[in-house]
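Q: Following this message is one structure expressed as structure tokens.
Number of protein chains: 2
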Amino acid sequence: MSKPLVGKPRYRAIADDIRARIGSGSFTPGSLLPAEQVLCSEYRASRGTIRKAVSILREEGVVATEHGRGTSVLIASELTSNPGLHPGGGEQRTIGATEELARLFDVPVGTRLLEVRLIEFEDTKVRSVTSTFTVLDSWPS
Amino acid sequence: MSKPLVGKPRYRAIADDIRARIGSGSFTPGSLLPAEQVLCSEYRASRGTIRKAVSILREEGVVATEHGRGTSVLIASELTSNPGLHPGGGEQRTIGATEELARLFDVPVGTRLLEVRLIEFEDTKVRSVTSTFTVLDSWPS
DNA sequence: AGAAATTTGTCCGTATGTATC
DNA sequence: AGATACATACGGACAAATTTC
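Protein sequence lines correspond, in order, to chains A and B. If you're matching positions, the first sequence starts at 119 in the working numbering and goes up one per residue. If you're matching positions, the second sequence starts at 119 in the working numbering and goes up one per residue.
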């Protein structure tokens, strides 16, 4: 771990750590994350805290969870080179379809989507944010 | 209440009920939702379940929560006439800024945003989804 | 087919911390 | 300072879906 863990909630620190492990290749796309019980032991945290951490990554489209099966890693080391969604940062990235987007596209949750983001500025202030999503391929297969 | 509450988790049934109460005008924009403790009593549910229900409405941009203050209603009976985000449904709605959008716009979470959604079809299949967000006004003041 | 083990989902209760009024 | 209200974290229990044997 070797994380400060100060100033932010444990569930967020854990989410950051898991995200980093995905980015570094410790967890590879298509594979399953360790079970919640295992993560509880590893991080010495309760299941609720672990589930909250994983839910963050799920929201980000980094992983997708299936009842009774486990949580799959969706994206790879793109994470490290992925500039994210900050103003002035990169303008596109791949994500796993969230529940809402999956419903719109009528594809399974976790389907890889390309997000292209356009940010319109007014001076230094953000005036509008536009995101366009398209399906890249299907997932799991 | 008088709800079936079957086939869906209690936290979702409760979220649906609160959303309906907002839509019907029982809870008006700008006012605070009853405290979590009160909702616990009303729905005879644990605090975790109530918090999960409220978090759904927060994700939807229907309400915004402030630590130590309470949860404010953001939108009004638009809810009932608001077609939402289904393909073929309406194309715009107002939401409260989620954490990510708030960061991009550099405004407080819950700031009212206008979302305009454009859905491109290929035959009957959705090819792309584009959402544009702009700031409507500030919140709380 | 079916039983058992695994894994995530839901729900409860409690305690403590932190922000606001 | 005190009261109120949300945030975080723990623990336990059972249900539901999947996989494995």
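Glycine residues also receive a C-beta, built at the ideal position from the N, C-alpha and C atoms. All of these numbers come straight from a predicted model, not from anything done at the bench.
#1: At which residues does the alpha helix (DSSP H) containing A/Glu-160 begin and terminate?
#2: Using a cut-off of 9 Å between C-beta atoms, extract the partners of B/Ala-254 located in chain A.
#3: Might you give, ordered along the chain, the residues of its own chain that have their beta carbon closer than 6 Å to the beta carbon of A/Gly-148, omitting 5 neighbours on each side?
#4: Within the 8 Å Cβ cut-off, does A/Leu-219 reach chain B?
#5: Indicate the three-state DSSP secondary structure (helix, strand or coil) for B/Lys-170 in the structure shown.
#6: Strictly under 8 Å for the Cβ-Cβ distance: is A/Thr-250 near chain B by that measure?
#7: Which class does B/Arg-187 belong to by DSSP, given the choice of helix, strand or coil?
#8: Can you name the start and end residues of the beta strand (DSSP E) that A/Glu-240 belongs to?
#9: Applying the 10 Å Cβ sphere with the 16-neighbour rule, what's the burial state of A/Val-90?
#10: Which stretch, first to last residue, makes up the alpha helix (DSSP H) that contains B/Phe-223?
#11: Under three-state DSSP, which class holds B/Gly-207?
#12: Looking only at DSSP bridge pairs, what is B/Ile-213 linked to?
#13: Would you identify the three-state DSSP class for B/Asn-200, choosing helix, strand or coil?
#14: Please classify A/Leu-150: does DSSP put it in a helix, a strand, or coil?
#15: Please look up how many angstroms separate the CB atoms of B/Glu-238 and B/Ser-249, rounded, as I've assumed it's under 8 Å.
#16: In whole angstroms, what is the alpha-carbon distance linking B/Gly-125 and B/Ala-131?
#17: Report yes if the CB atom of B/Val-181 is closer than 8 Å to the CB atom of B/Leu-151, and no otherwise.
#18: Rounding to the nearest angstrom, what Cα-Cα distance links B/Arg-162 and B/Ala-133 in this structure?
#19: Among the residues of its own chain, which have a CB less than 7 Å from the CB of B/Leu-175, if the five just before and after it don't count?
#20: Shorter than 8 Å from the beta carbon of A/Gly-208 to some beta carbon of chain B?
#21: Can you list, in chain order, the residues of its chain whose CB lies under 7 Å from that of A/Thr-252, leaving out five sequence neighbours each side?
A: Here's the rundown:
#1: In the first sequence, the residue the question calls residue 160 of chain A occupies position 42. Unbroken alpha helix (DSSP H) run through A/Glu-160: 154-161.
#2: Numbered from 1 along the second sequence, position 136 holds the residue referred to as residue 254 of chain B. Going by the sequence as given, residue 254 of chain B is Leu instead of Ala. Going along chain A, no residue has its Cβ under 9 Å from B/Leu-254, so there is no contact; the nearest lies around 12 Å.
#3: As a position in the first sequence, residue 148 of chain A is number 30, starting the count at 1. Around A/Gly-148: no qualifying Cβ.
#4: As a working note, residue 219 of chain A is residue 101 in the first sequence. Cβ-Cβ to chain B under 8 Å: yes for A/Leu-219.
#5: Residue numbering aside, residue 170 of chain B sits at position 52 when the second sequence is read from its first letter. Three-state result, B/Lys-170: helix.
#6: On the first sequence, residue 250 of chain A is found 132 positions in, with the first residue counted as 1. Yes, A/Thr-250 lies at the interface with chain B (some Cβ there is under 8 Å from its Cβ).
#7: For the purposes of this step, residue 187 of chain B is taken as residue 69 along the second sequence, with counting starting at 1. Reduced to three states, the DSSP call for B/Arg-187 is coil.
#8: Counting from one through the first sequence, the residue named residue 240 of chain A turns up at place 122. Looking at the DSSP string, the run of the beta strand (DSSP E) that includes A/Glu-240 is 230-240.
#9: Any question about residue 90 of chain A goes unanswered here, given that chain A covers just 119 to 259.
#10: Against the second sequence, residue 223 of chain B aligns to sequence position 105. Run containing B/Phe-223: 217-223, per the alpha helix (DSSP H) assignment.
#11: As a position in the second sequence, residue 207 of chain B is number 89, starting the count at 1. Interpretation of B/Gly-207 is limited by its pLDDT of 46, a score under 50 that renders its predicted location unreliable; no figure is taken from the coordinates.
#12: Indexing the second sequence from 1 puts residue 213 of chain B at position 95. In the DSSP output, where bridge partners are listed per residue, B/Ile-213 has B/Leu-231.
#13: Here residue 200 of chain B is taken as the residue at index 82 of the second sequence, counted from 1. Per-residue confidence for B/Asn-200 stands at a pLDDT of 46, beneath the threshold of 50, marking its modelled position as unreliable; no derived number is given.
#14: Position 32 of the first sequence holds residue 150 of chain A. If DSSP states are grouped into helix, strand and coil, A/Leu-150 belongs with the strands.
#15: Here the question's residue 238 of chain B lines up with position 120 in the second sequence. Here the question's residue 249 of chain B lines up with position 131 in the second sequence. Not really, about 12 Å apart at Cβ, beyond 8 Å.
#16: Residue 125 of chain B sits at position 7 when you count from the first residue of the second sequence. Residue 131 of chain B sits at position 13 when you count from the first residue of the second sequence. Answer to the nearest angstrom: the Cα atoms are 9 Å apart.
#17: In the second sequence, residue 181 of chain B corresponds to position 63, counting from 1. In the second sequence, residue 151 of chain B corresponds to position 33, counting from 1. Yes.
#18: As a position in the second sequence, residue 162 of chain B is number 44, starting the count at 1. As a position in the second sequence, residue 133 of chain B is number 15, starting the count at 1. When rounded, the distance between both Cα atoms is 14 Å.
#19: For this step, residue 175 of chain B is matched to residue 57 along the second sequence. Hits under 7 Å: Ala-133, Ile-136, Arg-137 and Val-181.
#20: Within the first sequence, numbered from 1, the residue matching residue 208 of chain A stands at position 90. Low confidence applies here, because A/Gly-208 scores a pLDDT of 47, under 50, leaving its location unreliable; read the following figure in that light. Chain B, which has no Cβ nearer than 8 Å to the Cβ of A/Gly-208, makes this no.
#21: The count along the first sequence starts at 1 and reaches residue 252 of chain A at position 134. Answer for A/Thr-252: Leu-231 and Leu-232, listed in chain order.
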